[in-house]
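Worksheet: the structure to be examined is printed underneath.
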Amino acid sequence: MPRVRPGPRRHPDGKPPTLRGWEGRLRLWVDFNGRSALGPGKARLLEAIEACKSLSEAARQLRMSYRLAWKHLRVIEERTGITVVRSRRGGRAGGQTELTPQGKALLEAYRLFRHDVERYVQLACRRHFGPPSESRVGQGQR
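Under my numbering, the first residue of the sequence shown carries the number 3, and numbering increases by one thereafter.
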């Protein structure tokens, strides 16, 4: 397997580059019946709703319009068939939006799925870009 080696350039701090700085990253979406249903942005919206108990506050924290936040929720619900939030209209006490049990389960499944995939990506990154002492040469090669 070919190895990536540091180039002759130095970093602005004067130190030579090291391969330990490599990090695999990805953005992960989940499709349902061939259509994107949940990804990083929608998951952040669900997390913010879970924390704030308010769609307007969640949208504000994410610098997203209230209208776009509602659109994201409708997309999730239309594409998955799962009701993810329950809302109560305002009044003196103000309104409230919270995740349904199914919405919480969907968000937790996405978190666990993302964690598993990110862990694998880091292992693969070390195998392909890490120094030979960290790689598993001869294991899992194509």
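Beta carbons are placed, not taken as given, at the ideal position from N, Cα and C, and that holds for glycine.
Fair warning: this is a prediction, and the values are worked out from it, not measured in the lab.
The straight-line gap separating the alpha-carbon atoms of VAL32 and HIS74 is approximately 14 Å. About 15 Å separates the CB atoms of LEU47 and LEU30; that is not less than 8 Å, and the two are not in contact.
When DSSP states are grouped into helix, strand and coil, SER58 belongs to the helix group.
Taken in chain order, the complete beta strand (DSSP E) segments of 3 residues or longer contained in the segment 27 to 110 are 32 to 34, 37 to 40, 87 to 90 and 98 to 101. GLU120 sits in a helix when the DSSP states are folded into three classes.
At least 7 Å separates the beta-carbon of GLU100 from that of LYS44.
By the beta-carbon neighbour count (other beta carbons within 10 angstroms, threshold 16), ALA53 is exposed.
Burial of TYR112 is indicated by the presence of at least 16 other C-beta atoms within 10 angstroms of its C-beta. At the C-beta level, ARG121 and THR102 stay beyond 7 Å of one another.
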